[in-house]
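Residue numbers (my numbering): 28 to 496. For glycine and all other residues, C-beta sits at the position ideal for the given N, C-alpha and C. Note that the coordinates shown come from a computational prediction; the quantities given were computed from them, not determined experimentally. Input: a single structure, listed below in structure tokens.
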Ligand code: QVM
Ligand code: CO
């Protein structure tokens, strides 16, 4: 694997728990709580090879901080998908870009089944009151114990077949707000609220749609859900019947443009629809109201090529090709400005620095005006730096180190912080030279290193998670 990011696609099988990681520098005394992360860790089951980065079986990672020390544990998410794969020695669930090999008999059988889905929660960690959830884009988030990382079954079922792994927290009630797509003869987009105590989902908005767009996240302002339909869309009947893996049922239809809909968080009524140029994004960064206008920030790609770039065959090639003749598609921080009474959207690039895996000071700035975005920037082959962008002027500062590949940086505010960027960033960094990973703690304002803690194995390229005190 040399010194390339390819190491991050090598399987991790070990499950370990260490009370004390060796630390260099000094962990802040105020940093108390856990960084919880999820992501794929193996892409081969028996003889079956999974095809896409997003397909791998989920593994949980936990770094727990107290008194200037940090412990580490990791464990496969003990989901139905995982147990079945283990038991049968092959893939049995339908994943993002890989379907299990099934007999005709099983195919016909699963057509009539409502449970032909997956609970492989490899995308993000959700918090629901005092429950922790491993989430993917199916309807089935899996609860787990944050100390032992033991799975405790499906927490609730989303009101649709598809959902997102990027819920928002309702500031007023602590409820989880999320999106679902209900597919059928008549399909609809839905927004739902999950009560923090009872974990019961309740639909708050339902909007009919013929061909739903691929939805990885959504925006939220004080009064609105923000639904951005990028023109990567699916025919629901096709998804059920085609026999193709999930994402290969989606079609890029740039002629549709990007459609943005505002939906009232209280009444569920549509408050406005807007048309923008055809773009593609996984991640909303933040949204807020500015007088009568609504500002919606996303990490936008020119089209959906990035999904193709992340097939494992292609990804190995991109990571190996240091000349970068054929690079991973880049996203840019992009702002949509919506004005009442005008259906056209003003689109503006907030920074020329490519950035993905965006994070903000959520506690302070979600649904509000804000200034700083942290995330990952990329070199030719893979994400190889941590960035802090000042969206007031588009300037950026960076952290990087040779042969090192940092994952999504999570902002943790200083408990007495006054400034938006007062706190630390936590990121798991893959060190390709040493073939191990480390937890990196940066000053979020300056991106100067404060401390790092060494993990004895490599942690494969993963997606998201968060910090909980
Ligand atoms: C069926 C299905 C799945 O940035 C990271 C993004 C990751 C996205 C992932 C891992 C998305 C996975 C989506 C596995 C969809 C599965 C669902 C939800 C409904 C069924 O009707 C069809 C099984 C393909
Ligand atoms: Co995501």
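Counting other Cβ atoms within 10 Å of its Cβ, residue 380 reaches 16 or more and is therefore classed as buried. In this structure, residue 260 has its beta carbon at no less than 7 Å from each heavy atom of the ligand QVM. Of the residues 429, 281, 441, the one whose Cα lies closest to the Cα of residue 391 is 441.
Counting only the Cα atoms, residue 206 lies some 12 Å from residue 295. Comparing C-alpha distances from residue 115 to each of 415, 214, 73 shows the shortest one belongs to 73.
Taking the Cα positions, residue 261 is about 6 Å away from residue 239. By the Cβ test, the stretch 117-124 is not in contact with the stretch 88-95, since fewer than three Cβ pairs between them sit closer than 8 Å.
Minimum Cα-Cα distance from residue 332 among the listed residues 180, 224, 277, 99 corresponds to 277. Shortest Cα-Cα distance from residue 157 to any of 145, 203, 128 involves 203. Rounded to whole angstroms, the separation of the alpha carbons of residue 444 and residue 424 is 21 Å.
Going by C-alpha positions, residue 125 is about 10 Å away from residue 75.
For residue 298, same chain residues with a beta-carbon under 6 Å away, outside a window of 5 residues either side, are 289, 291 in chain order. Of the residues assessed, residue 360 falls on the buried side of the cut-off, its CB having 16 or more other CB atoms within 10 angstroms. The nearest non-hydrogen atom of the ligand QVM is 7 Å or more from the C-beta of residue 451. A residue is called buried once 16 or more other Cβ atoms fall within 10 Å of its Cβ, and residue 107 is buried on that count. If you draw a 10 Å sphere on the C-beta of residue 474, you find 16 or more other C-beta atoms in it, and that means buried. Unbroken beta strand (DSSP E) runs of no fewer than 3 residues, entirely contained in the stretch 162-244, are found at 169-171, 178-181, 203-209, 214-221, 228-236, following chain order. The ligand QVM has a heavy atom closer than 7 Å to the beta-carbon of residue 145.
Across the set 242, 484, 248, 41, the C-alpha of 242 shows the shortest separation from the C-alpha of residue 306. Going by DSSP, residue 405 is part of no alpha helix (DSSP H) but of the beta strand (DSSP E) stretching over 399-405.
Per DSSP, the beta-bridge partners of residue 251 are 291. At a Cβ-Cβ threshold of 8 Å, residue 312 and residue 287 do not count as neighbours. Within the stretch 384-447, the complete alpha helix (DSSP H) segments at least 4 residues long are 389-392, listed from N- to C-terminus.
The beta carbon of residue 302 sits closer than 7 Å to the beta carbons of 284, 286, 370, 371, 372 from its chain, once the five residues preceding and following it are set aside; these are given in chain order.
Assigned with DSSP and collapsed to three states, residue 344 falls in helix.
Annotation for residue 88: the continuous beta strand (DSSP E) segment containing it runs 84-93.
Apart from sequence neighbours up to five positions away, the residues of its chain that approach residue 280 with a beta-carbon distance below 7 Å are 258, 260, ordered along the chain. By the 16-neighbour rule on beta-carbons within 10 angstroms, residue 42 is exposed. 8 Å or more divides the Cβ of residue 466 from the Cβ of residue 457.
Counting the other CB atoms within 10 Å of its CB gives residue 319 a total below 16, which places it among the exposed residues. The Cβ atoms of residue 182 and residue 226 lie closer than 8 Å to each other.
Residue 65 has 87, 491 as its beta-bridge partners, per DSSP. Rounded to whole angstroms, residue 434 and residue 237 show a C-alpha spacing of 36 Å. Counting the other Cβ atoms within 10 Å of the Cβ of residue 212 gives fewer than 16, which makes it exposed. Pairing residue 214 with residue 272 gives a Cβ-Cβ distance that is not under 8 Å.
When the Cα atoms are used, residue 383 and residue 399 turn out to be separated by approximately 14 Å.
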